[in-house]
Amino acid sequence: MTIREKGYTHWDGQLRERRFPWAPITWLGIRLSFKKKYFKFMLFGSLVPAVVFLVGIYISERIEDFQYMFRGNKQILEVNPAYFKTYLSSDFLLFMMVMILVVSGAGLIADDLKHNSLQLYFARPLKKSGYLTGKASVIVFFLLLLTLVPGLVFIIFKLLFAGDFRFLASYPWLPLSVIGYSLFVTGFFCSYALLFSSLSKNRRYVSILIFAVYLFSDILFGFFYENYRKPAFALLSLKANLQQVAAWFFRLKPAYAVPWYWSLFILLAFGIAAAIVLSKKVRGVEVVK
Amino acid sequence: MIAEISDLQFSYGRIKALDGISLNLAEGAVGLLGPNGAGKSTLLRILLGFLAPQHGQGRVLGFDIRQEQPRIRRYVGYMPEDDCLIPGMDAVTFTAYFGELSGMPRQEAMKRAHDVLFYVGLGESRYRLLETYSAGMKQRLKLAQAIVHDPKLLFLDEPTSNLDPQGRKEILELIQDISSKKDIQVLISSHILPDIESVCSEVVILNKGRLAAQGKLSELRELHYRLYEIKIKGEGEGFAAKIKTLGCRVEETEDKILKVYVPAEMDIREIFRVAEEENSQVRHFVRSRTSLEDLFARAVGVD
Numbered sequence: 013m014t015i016r017e018k019g020y021t022h023w024d025g026q027l028r029e030r031r032f033p034w035a036p037i038t039w040l041g042i043r044l045s046f047k048k049k050y051f052k053f054m055l056f057g058s059l060v061p062a063v064v065f066l067v068g069i070y071i072s073e074r075i076e077d078f079q080y081m082f083r084g085n086k087q088i089l090e091v092n093p094a095y096f097k098t099y100l101s102s103d104f105l106l107f108m109m110v111m112i113l114v115v116s117g118a119g120l121i122a123d124d125l126k127h128n129s130l131q132l133y134f135a136r137p138l139k140k141s142g143y144l145t146g147k148a149s150v151i152v153f154f155l156l157l158l159t160l161v162p163g164l165v166f167i168i169f170k171l172l173f174a175g176d177f178r179f180l181a182s183y184p185w186l187p188l189s190v191i192g193y194s195l196f197v198t199g200f201f202c203s204y205a206l207l208f209s210s211l212s213k214n215r216r217y218v219s220i221l222i223f224a225v226y227l228f229s230d231i232l233f234g235f236f237y238e239n240y241r242k243p244a245f246a247l248l249s250l251k252a253n254l255q256q257v258a259a260w261f262f263r264l265k266p267a268y269a270v271p272w273y274w275s276l277f278i279l280l281a282f283g284i285a286a287a288i289v290l291s292k293k294v295r296g297v298e299v300v301k
Numbered sequence: 567m568i569a570e571i572s573d574l575q576f577s578y579g580r581i582k583a584l585d586g587i588s589l590n591l592a593e594g595a596v597g598l599l600g601p602n603g604a605g606k607s608t609l610l611r612i613l614l615g616f617l618a619p620q621h622g623q624g625r626v627l628g629f630d631i632r633q634e635q636p637r638i639r640r641y642v643g644y645m646p647e648d649d650c651l652i653p654g655m656d657a658v659t660f661t662a663y664f665g666e667l668s669g670m671p672r673q674e675a676m677k678r679a680h681d682v683l684f685y686v687g688l689g690e691s692r693y694r695l696l697e698t699y700s701a702g703m704k705q706r707l708k709l710a711q712a713i714v715h716d717p718k719l720l721f722l723d724e725p726t727s728n729l730d731p732q733g734r735k736e737i738l739e740l741i742q743d744i745s746s747k748k749d750i751q752v753l754i755s756s757h758i759l760p761d762i763e764s765v766c767s768e769v770v771i772l773n774k775g776r777l778a779a780q781g782k783l784s785e786l787r788e789l790h791y792r793l794y795e796i797k798i799k800g801e802g803e804g805f806a807a808k809i810k811t812l813g814c815r816v817e818e819t820e821d822k823i824l825k826v827y828v829p830a831e832m833d834i835r836e837i838f839r840v841a842e843e844e845n846s847q848v849r850h851f852v853r854s855r856t857s858l859e860d861l862f863a864r865a866v867g868v869d
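Protein sequences appear in the order of chains A and B.
At position 106 of the first sequence the residue is numbered 118 (the working numbering), and the sequence of numbers has no breaks.
At position 236 of the second sequence the residue is numbered 802 (the working numbering), and the sequence of numbers has no breaks.
In structure tokens form, the structure reads like this:
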């Protein structure tokens, strides 16, 4: 007798309250990202700089063996906070992070809006905060994979290659800087991607928005800076603002002569605005039309 | 009792969506009826815990609709009216995913997803991408995700919309099967009155945010009025006009049969007295079973 002929049968298990009710959303989001075309290639491509910097750390500890490569430019491979800052706020890494948002972040909310699936989520014991946390955690997973994980791996391997703790004794705050900046940049990009993803039902438009706003802000900065030579125009660029804040996290002088906290303020204001828009766009009352 | 609500009020700005509704929904299958703007969706939103009422109290499955919304949703299955899916997924993953979100362990959710997909008739196509599903298959999938966690209460919003007659029949059979289980209550909101009539034993009719009628279909048919089909030889207009003055509602069908809704308290002999006065000969006089459509029209005050 088939299940259908048997009629409806009860499930004999017990529904339980999850500690993290949003966790299935995150795992599904990660799995679906890996199913996308070129995503794996892009993710592994984004990790190439990490491998290069790791090799740099190894070479810095065996600098005598590689002297023929540098001819006096040893400072390039001096592993210090600037080395970490260079990796974590490099143009390439930031660009690849935006590309990951384009591919895996654009559809997170937009697809649910397009296919009316918000109502299915909110018919479950899931709050709006849980839904957004689940979606944001997909981005958090990939971005921390590119920032926090390599940052901590660099410190561990530096200590392993050096065979002592002198590096950590010189910069005891460095692990906190790596963690702090990684979380900051990840948090910013989360709000950035989710904001745009909630603004349209069309994933393509969202992808274009995510990419174009990042790029356009930098072009705008380049245009004004080239014409007027005022460093304050750096505040127009998302990339420059992230780099200014990165300099503060790693106790370095910012690249532009603008107080770092202005950049921090702009990025935080963006995040707060995104949170407000998200709370209005993702609403329970839209569940039943 | 599935749900008890008292003096429920809700407004969208100045527009009153629900105006002092008090209800006790009994166990079994209950139909929720009403014209557009009657407040059905708002009532569903409140029962599901999406909206907090501005006034009034209520409990669904014993849980407070103001304080215990997540607990209500844990034990409720919801099949929305609109098509809804997650692109890039197959039916098994989709169904198991919503089982997990309801609180099922992952392995159990996956196992149960296979079972309910076979149950709703999607067993063979459970690994196909959802984007390739037909309208009927999507409807079945919505039912599958609503029952995957074995809810105690099932809200079905227009479950047979967009279906061909065969698909509609099959979905209704499934709903009947589910609602025949004594421990699953079903609340169906639908515009297709015959569907409600075939599945539900009880109906709630809303009109302009107020409760227009509620109760068991059989009792509602009996209590409010009796329906007779009458055929008159000769001029029927005077006869119809006169019995209207007695409080009856009269409709004339295309084949000249008068459908007369007689108030419960009226003596049926009055009709013959009027016929005699009007010199009309009653050729056909049959007590008819009132349809839900009749009941609905009468409750909301439309023909």
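Where is the CB? At the ideal position from N, CA and C, for every residue including glycine.
Values in this document were obtained by computation on a predicted structure and should not be read as measured data.
Pick from 837/B, 828/B, 719/B: whose alpha carbon is nearest that of residue 627/B?
Here the closest residue by C-alpha is 719/B.
Between residue 642/B and residue 688/B, what straight-line distance do the alpha-carbon atoms span, to the nearest angstrom?
If you take the alpha carbons of residue 642/B and residue 688/B, they lie about 22 Å apart.
Just tell me which of 577/B, 737/B, 819/B has its CA closest to the CA of residue 762/B.
Closest option to residue 762/B, Cα to Cα, is 737/B.
Relative to the C-alpha of residue 44/A, which candidate in 150/A, 294/A, 203/A, 161/A has its C-alpha closest?
Across the set 150/A, 294/A, 203/A, 161/A, the C-alpha of 150/A shows the shortest separation from the C-alpha of residue 44/A.
Please confirm if residue 703/B has its CB atom under 9 Å from at least one CB of chain A.
Taking Cβ atoms only, chain A never reaches closer than 9 Å to residue 703/B, which makes this a no.
Would you mind sorting residue 715/B into buried or exposed? The rule is 16 or more other CB atoms within 10 Å of its CB.
By the neighbour-count rule (16 or more Cβ atoms within 10 Å), residue 715/B is buried.
Whose C-alpha, out of 588/B, 605/B, 731/B, 639/B, is nearest the C-alpha of residue 624/B?
Proximity to residue 624/B across 588/B, 605/B, 731/B, 639/B peaks at 588/B, based on C-alpha coordinates.
Using only the alpha-carbon positions, how far apart do residue 97/A and residue 279/A sit?
Straight-line Cα distance between these residues: approximately 18 Å.
Looking at chain B, is there any beta carbon in it that lies within less than 9 Å of the beta carbon of residue 11/A?
Since the displayed chain A opens at 13 and closes at 301, residue 11/A lies outside it and no answer follows.
Out of curiosity, what's the CA-to-CA distance linking residue 108/A and residue 220/A?
Between residue 108/A and residue 220/A, the C-alpha separation is close to 15 Å.
Could you have a look at residue 302/A and say whether DSSP puts it in helix, strand or coil?
It is not possible to answer for residue 302/A, since the shown part of chain A is limited to 13 through 301.
Tell me whether the beta-carbon of residue 100/A lies closer than 9 Å to the beta-carbon of residue 194/A.
Taking a C-beta distance under 9 Å as the contact criterion, residue 100/A and residue 194/A qualify as a contact pair.
Just mark residue 670/B as buried or exposed, buried being the case when its beta carbon has 16 or more other beta carbons within 10 Å.
Residue 670/B should be labelled buried.
Leaving out five residues before and five after residue 797/B in sequence, what residues of the same chain have Cβ atoms less than 6 Å from its Cβ?
Here the set comprises 823, 849, 850.
Is it the case that the Cβ atoms of residue 801/B and residue 825/B are separated by a distance below 9 Å?
No, Cβ-Cβ distance for residue 801/B and residue 825/B is not below 9 Å.
Quick check on residue 128/A - is its C-beta less than 9 Å from some C-beta in chain B?
True, the Cβ-Cβ gap to chain B drops below 9 Å.
Status (buried if at least 16 other CB within 10 Å, exposed otherwise) for residue 844/B:
In the assembly as shown, residue 844/B is a buried residue. Its beta-carbon has 16 or more other beta-carbons within 10 Å.
Beta-carbon separation (whole angstroms), residue 583/B vs residue 605/B, contact threshold 8 Å:
In this structure residue 583/B is in contact with residue 605/B, their Cβ atoms being roughly 5 Å apart against a cut-off of 8 Å.
For residue 13/A, I'd like the list of residues in its chain whose CB is within less than 6 Å of its CB, leaving aside the five on either flank, ordered along the chain.
Because residue 13/A carries a pLDDT of 47, less than 50, the predicted location of this residue cannot be relied on, and no value is offered for it.
Pull up the DSSP beta-bridge partners for residue 829/B, would you.
Checking the DSSP bridge columns, you'll see residue 829/B partnered with 791/B.
Run down chain B in chain order and give the residues with a C-beta less than 9 Å from the C-beta of residue 216/A.
Residues of chain B passing the Cβ test: none, with the nearest at roughly 13 Å.
Is there contact here, the region 18-31 of chain A with the region 737-755 of chain B, by at least three beta-carbon pairs under 8 Å?
Because the criterion of three Cβ pairs below 8 Å is met, the region 18-31 of chain A and the region 737-755 of chain B touch.
Please give the ranges of any alpha helix (DSSP H) in the region 137-197 of chain A, keeping only runs that are unbroken, at least 4 residues long and fully inside the region.
Runs found: 140-158, 160-174, 178-182.
Local Cβ density within 10 Å of residue 829/B, reported as buried at 16 or more and exposed below that:
The residue in question, residue 829/B, is exposed, as its Cβ has fewer than 16 Cβ neighbours within 10 Å.
Opposing strand residues paired with residue 723/B [DSSP bridges]
Answer by DSSP bridge pairing, in chain order: 755/B.
For residue 264/A, tell me which candidate among 110/A, 92/A, 67/A has the shortest Cα-Cα distance.
Nearest option by C-alpha distance: 92/A.
Taking only the alpha-carbon atoms, compute the straight-line gap between residue 197/A and residue 27/A and give it to the nearest angstrom.
A straight line joining the alpha-carbon of residue 197/A with that of residue 27/A spans about 37 Å.
Give me the residue from 216/A, 270/A, 207/A, 153/A with the minimum Cα distance to residue 292/A.
Residue 207/A is the option with its Cα nearest to residue 292/A.
As assigned by DSSP and simplified to three states, the class of residue 582/B:
Strand at residue 582/B.
Where in the region 678-715 of chain B do unbroken runs of the alpha helix (DSSP H), each at least 4 residues long, occur, reported from the N-terminal end onward?
List check, alpha helix (DSSP H) in window: 701-713.
Run through DSSP, which three-state label would residue 213/A get?
Looking at residue 213/A - three-state DSSP - the assignment turns out to be coil, as it is neither helix nor strand.
Could you tell me the alpha carbon to alpha carbon distance between residue 210/A and residue 733/B, rounded to whole angstroms?
Straight through space, the alpha carbons of residue 733/B and residue 210/A are spaced by roughly 35 Å.
So, residue 118/A versus residue 224/A, is the Cβ gap smaller than 9 Å?
It is not a contact, given that the beta carbons lie outside the stated cut-off.
Starting from the beta carbon of residue 545/B, find every residue of chain A whose beta carbon is closer than 8 Å, and list them in chain order.
This structure leaves residue 545/B out entirely; chain B is present only between 567 and 869.
Closer than 8 Å at the beta carbon, the chain B residues around residue 50/A:
Under the 8 Å cutoff, chain B gives no residues; its nearest Cβ is about 15 Å from residue 50/A.
Give a yes or no on contact between the region 268-288 of chain A and the region 249-259 of chain A, applying the rule of three or more CB pairs nearer than 8 Å.
Touching, yes.
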